[in-house]
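J.:
Residue numbers (this note's numbering): 108 to 773.
#1: How long is the line joining the alpha carbons of residue 549 and residue 582, rounded to whole angstroms?
#2: Using the DSSP secondary-structure output, state which residues sit across from residue 663 in a beta bridge.
#3: Would you say residue 377 and residue 206 are within 8 Å of each other, going by their C-beta atoms?
#4: Is residue 737 buried or exposed, if buried means 16 or more other CB atoms sit within 10 Å of its CB?
#5: To the nearest angstrom, how far is the alpha carbon of residue 438 from that of residue 492?
#6: Where residue 690 and residue 717 are concerned, what is the direct C-alpha to C-alpha distance, given to the nearest angstrom?
#7: Mind checking who residue 506 pairs with in its DSSP beta bridge?
#8: Helix, strand or coil, according to DSSP, for residue 598 in the structure here?
#9: Could you tell me whether the segment 358–366 touches the segment 319–330, using the rule of 3 or more Cβ pairs below 8 Å?
#10: Name the DSSP bridge partner or partners of residue 632?
#11: With a threshold of 7 Å on Cβ separation, who are the neighbours of residue 483 within its own chain once the five nearest residues in sequence on each side are excluded?
#12: To which residues of the same chain is residue 338 closer than 6 Å at the C-beta, ignoring the five residues directly before and after it?
#13: Starting from residue 432, follow the alpha helix (DSSP H) in both directions and report where the run begins and ends.
#14: Residue 566 lies in the alpha helix (DSSP H); which residues open and close that run?
#15: Looking at the secondary structure, which residues open and close the alpha helix (DSSP H) in which residue 409 lies?
#16: Suppose you measure from the CA of residue 281 to the CA of residue 248; what does that come to, to the nearest Å?
#17: Once you ignore the five residues that flank residue 658 on each side, which residues in its own chain have a CB closer than 6 Å to its CB?
#18: In the DSSP assignment, the alpha helix (DSSP H) including residue 538 goes from what residue to what residue?
#19: Grab the span of the beta strand (DSSP E) containing residue 726 for me, first residue to last.
#20: Buried or exposed, going by whether 16 or more other CB atoms sit within 10 Å of the CB of residue 258?
#21: In the DSSP assignment, the alpha helix (DSSP H) including residue 720 goes from what residue to what residue?
#22: Would you give the residue range spanned by the alpha helix (DSSP H) that residue 691 belongs to?
#23: Which term fits residue 226, buried or exposed, when burial requires 16 or more other beta carbons within 10 angstroms of its beta carbon?
#24: Buried or exposed for residue 340, going by 16 or more other Cβ atoms inside 10 Å?
#25: Does the contact criterion of 3 or more C-beta pairs under 8 Å hold for the segment 413–426 versus the segment 161–169?
#26: To the nearest angstrom, how far is the alpha carbon of residue 344 from that of residue 479?
#27: Could you check whether the segment 376–390 touches the segment 179–198, counting it as contact only if at least three pairs of C-beta atoms, one from each stretch, sit closer than 8 Å?
#28: Considering residue 468, what are the terminal residues of the alpha helix (DSSP H) in which it resides?
#29: By DSSP's criteria, residue 618 is part of a beta bridge. Which residues make up the other side?
#30: Helix, strand or coil for residue 459 per DSSP?
#31: Check whether the Cβ atoms of residue 185 and residue 314 lie closer than 8 Å to each other.
#32: Quick one: Cα of residue 623 to Cα of residue 728, how far?
#33: Between residue 256 and residue 619, which are expected to be in contact by the criterion C-beta below 8 Å, what is the C-beta distance as a whole number of angstroms?
#34: What separation, rounded to the nearest whole angstrom, lies between the Cα atoms of residue 579 and residue 308?
#35: Alpha carbon to alpha carbon, how far is residue 563 from residue 331? Give it in angstroms, no decimals.
#36: Helix, strand or coil for residue 371? Go by DSSP, reduced to three states.
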């Protein structure tokens with residue numbers, strides 16, 4: 108007997124179009140020693156596709172470099188525009204965090220009339236630019252999440268140009284928002300563009316998009332691990348995009364390294380003191396977490412309220428951010444004129460304009476104490492919340508990350524000062540500020556792990572890990588139905604990005620035995636039943652498409668139904684026919700047969716129904732086409748249903764705006 112022919116080898120995949128050297132070739136070269144070692148250990152069938160992994164990591168490095176450079180450029184431009192307009196021209200007094208550059212000296216004379224107009228002019232300019240891409244309005248985080256889930260991981264190329272312009276126009280003129288949200292959107296757009304330059308699949312493009320988000324946050328906030336965790340956690344309410352973790356970490360590290368080399372290595376809030384853990388303070392942290400969660404609920408409601416009011420304003424949608432900017436300018440001037448004398452505070456301490464990291468710095472390391480500090484900080488928190496709502500809620504291109512962190516910090520510090528003054532305990536308001544920062548944003552953005560790690564990175568230690576974990580647990584439960592980003596999905600199986608894969612998983616879990624309806628009687632025949640009896644039984648059970656034929660032991664021996672039965676029934680005389688003459692060969696499935704195999708058997712044998720049998724071959728019931736369809740829809744439909752959450756985002760664009768094509772065209 109001749110030997111079996113050797114199995115044909117799959118065709119070799121070209122390295123890149125036109126035979127040019129590409130990333131696949133580079134990845135293969137770099138990973139060849141590792142592949143050889145793994146081959147020696149596990150044989151010819153390694154469990155990992157190392158070439159794919161290597162290619163993805165090289166792509167993540169390219170994304171980190173690109174987004175890191177763009178983030179540094181955006182940060183540099185924002186600082187200079189803001190310093191020129193607010194500090195030098197407006198003479199606006201505001202606090203800065205230690206890690207924020209302050210190259211411009213504040214003018215000795217305050218021009219409050221100019222300060223009152225600048226946010227409106229900047230927001231109006233940003234709104235006018237956004238006519239070419241309405242999706243650049245708002246913070247950016249919501250738009251990024253929506254692009255990941257609903258647009259196939261695609262962001263239009265024009266966002267790369269327009270998002271920085273509208274963000275500089277909004278934030279450079281005093282918009283009460285942060286840089287991280289716009290950088291998330293810009294980072295995702297740049298990552299999608301970089302992915303388009305390489306041979307990537309849709310799945311790889313989504314992974315690189317998350318890596319770009321992590322790189323953008325890391326470049327401007329300087330918490331590389333926290334940024335990577337935030338990028339994979341912010342997409343869902345109860346889940347992570349786990350397969351993007353390593354590319355996100357790598358891109359985040361690359362962007363952070365680039366930012367540190369070009370701008371600064373200083374942490375955002377400087378070198379903070381140690382915060383020793385005191386277990387007896389845990390009840391105070393728990394009470395503070397409850398109070399902060401209630402304030403976070405009010406903040407989300409405030410954003411939502413501003414969104415509804417602004418959406419009803421007449422005129423084009425692109426002009427509405429100007430209304431929010433004008434209201435913000437009036438608020439900033441009123442706070443600068445009235446509050447310092449009333450609170451015995453400086454103008455800088457009650458400043459409204461800007462991202463708010465200076466207010467967070469005041470909360471963490473400020474010299475105020477007692478009830479005076481608590482009062483000032485509570486007023487600052489209210490001002491920050493209202494300023495952010497006016498900016499982001501009206502559609503201004505400013506992030507909600509920095510204001511949320513700042514509000515949480517000042518609330519936490521205020522509660523720490525109040526606890527110290529009320530109970531006479533020796534607590535650290537700075538520790539309460541850091542815990543409040545993580546609790547506030549982590550609760551409403553559904554990123555408890557990322558917020559915890561970010562605060563530990565900012566503090567330079569894990570001294571506050573236990574209070575952070577306890578407070579995050581309280582906020583997670585209290586703010587369960589409140590979401591800063593309504594585009595978030597509960598988990599991967601509810602995301603269109605994973606709907607196909609999860610549908611296959613859910614369908615694979617459905618077995619034939621589960622599809623047999625309990626209590627439903629199955630009409631069976633005997634081989635010796637006359638043709639008249641067969642036809643009469645079929646007429647009496649019109650809902651049954653196929654009739655099993657069983658022997659005296661109840662074992663399946665054939666099927667009646669389909670074309671063959673109709674041919675026999677169409678004969679001139681069926682008196683001499685019996686069921687054995689009308690049946691075809693038996694077709695059946697076991698109770699443990701998956702749904703997909705049941706559907707395949709029905710199609711392959713052109714059957715409308717098929718019996719389910721036990722190990723002995725006895726009929727347990729029938730599965731028809733309707734049962735298969737119901738099972739599939741039952742597995743697929745719940746996966747696409749978004750959860751209902753309390754939302755607070757920038758108002759949607761008017762119908763008169765240019766449509767938002769989710770594709771990757773320009």
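Where is the CB? At the ideal position from N, CA and C, for every residue including glycine.
T.: Taking the geometry as given:
#1: Approximately 8 Å, taken between the alpha carbons.
#2: Bridge partners of residue 663 according to DSSP: 657.
#3: Taking 8 Å as the Cβ cut-off, residue 377 and residue 206 qualify as a contacting pair.
#4: Exposed, since its Cβ has fewer than 16 Cβ neighbours within 10 Å.
#5: About 12 Å.
#6: Straight-line Cα distance between these residues: approximately 14 Å.
#7: 285.
#8: Residue state, collapsed to three classes: coil.
#9: Because the criterion of three Cβ pairs below 8 Å is met, the segment 358–366 and the segment 319–330 touch.
#10: Secondary-structure assignment with DSSP links residue 632 through a beta bridge to 656.
#11: Within the same chain, and ignoring the five residues on either side of residue 483 in sequence, the residues whose Cβ sits closer than 7 Å to its Cβ are 450, 452, 456 and 475.
#12: Here the set comprises 317, 320, 321 and 355.
#13: Counting along the chain, the alpha helix (DSSP H) containing residue 432 begins and ends at 427–450.
#14: Taken as a continuous stretch (DSSP letters only), the alpha helix (DSSP H) holding residue 566 covers 555–566.
#15: Residue 409 -> alpha helix (DSSP H) spans 389–418.
#16: Rounded to whole angstroms, residue 281 and residue 248 show a C-alpha spacing of 20 Å.
#17: Here the set comprises 664.
#18: Run containing residue 538: 536–552, per the alpha helix (DSSP H) assignment.
#19: In the DSSP annotation of this structure, the continuous segment of the beta strand (DSSP E) that includes residue 726 starts and ends at 726–731.
#20: The residue in question, residue 258, is buried, as its Cβ has 16 or more Cβ neighbours within 10 Å.
#21: For residue 720, there is no enclosing alpha helix (DSSP H); the residue is found in the beta strand (DSSP E) stretching over 716–720.
#22: In this chain, residue 691 is not harboured by any alpha helix (DSSP H), its DSSP state being neither H nor E.
#23: Buried.
#24: So residue 340 counts as buried.
#25: With the cut-off at 8 Å, the segment 413–426 and the segment 161–169 do not touch.
#26: Distance between residue 344 and residue 479, taken at the CA atoms: about 38 Å.
#27: Touching, no.
#28: Run containing residue 468: 464–472, per the alpha helix (DSSP H) assignment.
#29: DSSP, once it has assigned bridges, lists 701 as partnering residue 618.
#30: Judged by DSSP in its simplified three-state form, residue 459 adopts coil rather than helix or strand.
#31: No. Outside cutoff.
#32: So the alpha carbons of these two residues sit roughly 6 Å apart.
#33: Residue 256 to residue 619, Cβ: 33 Å. No contact.
#34: Going by the C-alpha atoms only, they are around 36 Å apart.
#35: For residue 331 and residue 563, the gap between their C-alpha atoms comes out near 12 Å.
#36: Of the three classes helix, strand and coil, the one that applies to residue 371 here is coil, per DSSP.
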